[in-house]
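Here the protein sequences line up with chains A and B, keeping their order.
Each residue of the first sequence is one higher than the one before, counting from 4 in this note's numbering.
Each residue of the second sequence is one higher than the one before, counting from 121 in this note's numbering.
Cβ atoms here follow ideal geometry from the backbone N, Cα and C, with glycine treated the same way.
Just so it is clear, the structure is predicted and the values come from calculations on it, not from any experiment.
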Amino acid sequence: MNRRDFLRASLGSAAAALTSSGASARPNLTPAPEAIGMLFDSTLCVGCKACVSACKAVNGLPPTLLGDDVQYDSARDLSHETYNVIKVYTNGKPVAKDSETDGFAFEKRSCMHCVDPGCVSVCPVTALVRHPLTGIVTYDKDACIGCRTCMTGCPYNVPQFDYDNPWGMLHKCQMCNQKGVERIDKGGMTGCAEACPTGATLFGSRTALLEEAKRRMQLRPGEIYNYPRGDVRQPSSHHEKAVPHYQHHVWGEKEAGGTNVMHISSIPFDKLGMPPLGERSHVSISEGVQHTLYSYMALPAVVLGGLTWLVKRNTDDEGDDV
Amino acid sequence: MSHYQPLGRRVVTLPFVFLGVIALIGLYFLAERFINGMGAVTNLNGGFPWGIWVVYDIVVGTALACGGYALAVTVYVFNKGKYHPLIRPALLASLLGYGLGGVGAIIDMGRWWQFYNLFLPWQMNFNSVMLEVGLCVSAYIVVLMIEFLPTVLEKFKAEALLKKLNKVLFVVIALGVLLPTMHQSSLGTMLIAMGWKVHPLWQTLHLQPLLAVLTAFTMGFSIVVFEGSLSSVGFRRKPETHLLSGLGRIIVGLIATYLVIRFGEILVRGKLGLVFAGDLASLMFLIETALFVYPLVVLMSPRGRGNARSLLFAAVSMLLAGTLYRFNAFLITLDPGPGYSYFPALPEIMVTVGLVAIEIMVFLFVVKTFPVMPREDHAAAPNA
Numbered sequence: 004m005n006r007r008d009f010l011r012a013s014l015g016s017a018a019a020a021l022t023s024s025g026a027s028a029r030p031n032l033t034p035a036p037e038a039i040g041m042l043f044d045s046t047l048c049v050g051c052k053a054c055v056s057a058c059k060a061v062n063g064l065p066p067t068l069l070g071d072d073v074q075y076d077s078a079r080d081l082s083h084e085t086y087n088v089i090k091v092y093t094n095g096k097p098v099a100k101d102s103e104t105d106g107f108a109f110e111k112r113s114c115m116h117c118v119d120p121g122c123v124s125v126c127p128v129t130a131l132v133r134h135p136l137t138g139i140v141t142y143d144k145d146a147c148i149g150c151r152t153c154m155t156g157c158p159y160n161v162p163q164f165d166y167d168n169p170w171g172m173l174h175k176c177q178m179c180n181q182k183g184v185e186r187i188d189k190g191g192m193t194g195c196a197e198a199c200p201t202g203a204t205l206f207g208s209r210t211a212l213l214e215e216a217k218r219r220m221q222l223r224p225g226e227i228y229n230y231p232r233g234d235v236r237q238p239s240s241h242h243e244k245a246v247p248h249y250q251h252h253v254w255g256e257k258e259a260g261g262t263n264v265m266h267i268s269s270i271p272f273d274k275l276g277m278p279p280l281g282e283r284s285h286v287s288i289s290e291g292v293q294h295t296l297y298s299y300m301a302l303p304a305v306v307l308g309g310l311t312w313l314v315k316r317n318t319d320d321e322g323d324d325v
Numbered sequence: 121m122s123h124y125q126p127l128g129r130r131v132v133t134l135p136f137v138f139l140g141v142i143a144l145i146g147l148y149f150l151a152e153r154f155i156n157g158m159g160a161v162t163n164l165n166g167g168f169p170w171g172i173w174v175v176y177d178i179v180v181g182t183a184l185a186c187g188g189y190a191l192a193v194t195v196y197v198f199n200k201g202k203y204h205p206l207i208r209p210a211l212l213a214s215l216l217g218y219g220l221g222g223v224g225a226i227i228d229m230g231r232w233w234q235f236y237n238l239f240l241p242w243q244m245n246f247n248s249v250m251l252e253v254g255l256c257v258s259a260y261i262v263v264l265m266i267e268f269l270p271t272v273l274e275k276f277k278a279e280a281l282l283k284k285l286n287k288v289l290f291v292v293i294a295l296g297v298l299l300p301t302m303h304q305s306s307l308g309t310m311l312i313a314m315g316w317k318v319h320p321l322w323q324t325l326h327l328q329p330l331l332a333v334l335t336a337f338t339m340g341f342s343i344v345v346f347e348g349s350l351s352s353v354g355f356r357r358k359p360e361t362h363l364l365s366g367l368g369r370i371i372v373g374l375i376a377t378y379l380v381i382r383f384g385e386i387l388v389r390g391k392l393g394l395v396f397a398g399d400l401a402s403l404m405f406l407i408e409t410a411l412f413v414y415p416l417v418v419l420m421s422p423r424g425r426g427n428a429r430s431l432l433f434a435a436v437s438m439l440l441a442g443t444l445y446r447f448n449a450f451l452i453t454l455d456p457g458p459g460y461s462y463f464p465a466l467p468e469i470m471v472t473v474g475l476v477a478i479e480i481m482v483f484l485f486v487v488k489t490f491p492v493m494p495r496e497d498h499a500a501a502p503n504a
């Protein structure tokens, strides 16, 4: 093989590898075998924010205050001191709850604990980990270098960095199961689900929660349903309420591979600020590209071998130095 | 005798002092960043975790530093020995540019004191594109240091050592071609995981690595043309137009390839409407494309390539094109959703400007005191 052939062949295979299509791309990850999650039913949320303050109590976070108002935690969005927040949707004259026009609705923002988490895939130092059994995504500050790639890789802008602290770290909901808290490992439930007075935030296994969500969608609007509170598998109590007009869409069943924290609502999710996601997770594509190029470092090794041979040849030709 | 010589001019000149003042301002704000946290000097937020420190210092800065890479491929892989006189200044600029990238990575790292976790095998996440970039850039900085070592050894007349180094240098040079190919493409792959936040005109999925490495390569050649033209003007040296125009031909081929792939993707995926949507993204796309097309048109004609001035303008246009391509994808048209916006704070800009000032100061110092620039007689000969 002469140099020209080698170059042609290697350039061709490099280009093919760089544009690596489908062949070795991996499918989305599937839910962890004993996936734990939450179901947020927007139509049950009354916006009391008991979950926000419970979350802060469990995680040792300060209240976020606006001006002199110290009655309520005034957090507007997720931040290094807010892992869970209730936001409001309004349209026109906000008179009717859960109405898309001239109405209002509440929406929860917290880590969705993705089935195929972007943050876990992109973190260079394994500081973010999906638990092999529960699927809970936790964070290890001793591993983290603070590159914030997780923030770019999260479709929901969940991980938040504490920019005002020179020794800051990343902050996100770890489903109350981080080291030192471990409420789930101890058989408990998340702080927000426990505090929720209406069962709008429901705790449980992903399977049971998905069943519950789909059951609600089968109900006729106006029909009385006995809504559970706490853990869907062993509710602490129930309350009766008329069934609203649900959107027939469980957010998190399929989005980007699905999430363990799922939402249902009577307002379309794009109106509630959910991102435009397809079913395929983007990290399944980027990992596919990455592993096509670097599988066992075979391609780089072959290319390096070829390059070394060429450079040796051409420097000998020259009898020259750099 | 070496083909290179130090320029031997005075180091401390008025522009040098001016750069020094800018560097001091940058260092002042850099100190503030380490004392009071990144929030004290940057406008970073929850939706824009990466600002200009990442996008300029690393993503654009290392692409601008691809001159050494591009020339190494030309000289050692395609055996075009006539470009050899250009290689030392290019290597120096690459070393400094990648140095800036390395420094940028550290100052932008929120938990910089734990940076070594990147190098601990049991901490590594091999699914992470960022890991590949981090390791590869670190390795390439070492490679560039070794590639530049002959200049230093020559300066201090360490001939025995130089001879030994030259015997094994071919391995290092090969690595110096492989590593940038790897991490420059990965900088593109990084956009894939950013998913929907990246504007559809820049979210090319599987094509990201190819487009990234193509533009990096083109920017590498352009920076060599730019530096060559500028140093012939700035240091009043004989121009190396005959060498630079050859590079112009390579640039034409690269830009044409890039544009075919870029527009092919847009057509195939049915995104042409977005080009003419009349919003910020479409405007930025059109400016970016114009900056790519201008050098293509100018350098296509032998007259354009043969003229020092038009060569310089074409190179500048190409550098801006590649820079804007990256800025558009990573920052300007990036949309992390409602409630988030980003424009760099003045102190944040000053840190980057200060670091670039230091980079230029070191470049000026080294070319004046080390044998980096080709001898003028050598450069002027048409077929040396």
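Where do the N-terminal and C-terminal ends of the alpha helix (DSSP H) with residue i fall, by residue?
i, result
"A/ILE2", "This structure gives no information on residue 2 of chain A, because the portion of chain A shown stretches from 4 to 325."
"A/TYR142", "A/TYR142 -> not in any alpha helix (DSSP H); beta strand (DSSP E) instead, spanning 140–142."
"A/LYS217", "209–221"
"B/GLU279", "279–313"
"A/LEU285", "A quick correction: the sequence has His, not Leu, at residue 285 of chain A. That run of the alpha helix (DSSP H) goes 285–297."
"B/ILE375", "361–388"
"B/LEU484", "466–489"
"A/CYS195", "194–198"
"B/VAL345", "328–354"
"B/LEU255", "249–275"
"B/LEU394", "392–395"
"A/GLY156", "152–156"
What are the boundary residues of the beta strand (DSSP E) that includes residue i?
i, result
"A/ARG133", "131–133"
"A/ILE89", "87–93"
"A/ILE267", "264–267"
"A/ALA245", "240–245"
"A/ILE39", "39–44"
Ignore the nearest five residues each way along the sequence and tell me which others in residue i's own chain have a CB closer than 7 Å to its CB.
i, result
"A/GLU290", "ARG29 and SER124"
"A/VAL286", "ASP119, GLY121, SER124, VAL125 and GLY156"
"B/TYR445", "THR335 and GLU408"
"B/GLU274", "SER122, LEU282 and PRO491"
"B/VAL193", "VAL297"
In angstroms with no decimal places, state the Cα-to-Cα distance between residue i and residue j.
i, j, result
"A/GLN114", "B/LYS391", "Looking at the sequence itself, residue 114 of chain A is Cys, so the reference to Gln does not match. Their Cα atoms are separated by approximately 32 Å."
"A/ALA78", "B/MET420", "58 Å"
"A/THR163", "A/LEU81", "Checking the sequence, you will find Gln at residue 163 of chain A rather than Thr. One C-alpha to the other measures close to 7 Å."
"A/THR193", "A/CYS179", "5 Å"
"B/PHE246", "B/MET310", "14 Å"
"A/HIS134", "A/LEU280", "24 Å"
"B/TYR124", "B/PRO491", "5 Å"
"A/ALA149", "B/MET229", "The sequence given here places Gly at residue 149 of chain A; Ala does not occur at that position. Using only the alpha carbons, I get a separation of about 5 Å."
"B/ILE452", "B/VAL175", "10 Å"
"B/VAL141", "B/PHE346", "25 Å"
"A/LEU173", "B/ARG429", "50 Å"
"B/ALA151", "A/VAL161", "29 Å"
"A/HIS251", "B/VAL253", "43 Å"
"A/VAL292", "B/LEU321", "20 Å"
"B/VAL180", "B/LEU400", "21 Å"
"A/ARG151", "B/ALA332", "21 Å"
"B/MET470", "B/PHE149", "7 Å"
"B/PHE239", "A/ALA146", "11 Å"
So, at 8 Å on beta carbons, what are the nonlocal neighbours of residue i in its own chain, with the 5 sequence-adjacent residues on each side left out?
i, result
"A/VAL49", "PHE109, PRO200, THR201 and ALA203"
"A/ILE187", "ILE39, THR137, ILE139, MET178, CYS179, ASN180 and THR193"
Could you name the residues of the same chain whose beta carbon sits closer than 6 Å to that of residue i, not counting the 5 residues immediately before and after it, in chain order?
i, result
"A/SER103", "The amino acid occupying residue 103 of chain A in the given sequence is Glu; Ser does not appear at that position. Taken in chain order, the residues that qualify are ILE270."
"A/LEU64", "GLU84"
"A/THR93", "PHE107"
"A/LEU307", "none"
Exercise. If you scan the segment 171–232 of chain B from start to end, which runs of the beta strand (DSSP E) of 3 or more residues do you find wholly inside it?
Worked result: Contiguous beta strand (DSSP E) elements confined to the segment 171–232 of chain B do not occur, taking only those with 3 or more residues.
Problem set entry | Three or more C-beta pairs below 8 Å linking the segment 452–469 of chain B and the segment 373–381 of chain B | No, they do not touch.
For this session: Only counting runs of 4 or more residues, tell me where the alpha helix (DSSP H) segments fall wholly within the segment 402–459 of chain B, in order along the chain.
Result: Restricted to the segment 402–459 of chain B, the alpha helix (DSSP H) segments that are unbroken, complete and at least 4 residues in length are 422–426 and 428–447, listed in chain order.
Exercise. Counting only runs that start and end within the segment 121–157 of chain B, where is the beta strand (DSSP E) found for 3 or more residues in a row?
Worked result: Runs of the beta strand (DSSP E) lying entirely within the segment 121–157 of chain B, each at least 3 residues long, are absent.
Exercise. What are the uninterrupted segments assigned as beta strand (DSSP E) that are 3 or more residues long and contained completely in the segment 49–124 of chain A, given in chain order?
Worked result: Counting whole runs of 3 or more residues, the segment 49–124 of chain A contains the beta strand (DSSP E) stretches 87–93 and 106–113.
For this session: Count the C-beta pairs between the segment 291–308 of chain B and the segment 256–270 of chain B that are closer than 8 Å, then say yes if the count reaches three, no if not.
Result: Counting C-beta pairs closer than 8 Å gives three or more between the segment 291–308 of chain B and the segment 256–270 of chain B, which meets the contact rule.
For this session: Please determine if the segment 276–288 of chain B and the segment 316–335 of chain B are in contact, where contact requires at least 3 C-beta pairs separated by less than 8 Å.
Result: In this structure the segment 276–288 of chain B does not lie against the segment 316–335 of chain B, because fewer than three pairs of beta carbons, one per stretch, are closer than 8 Å.
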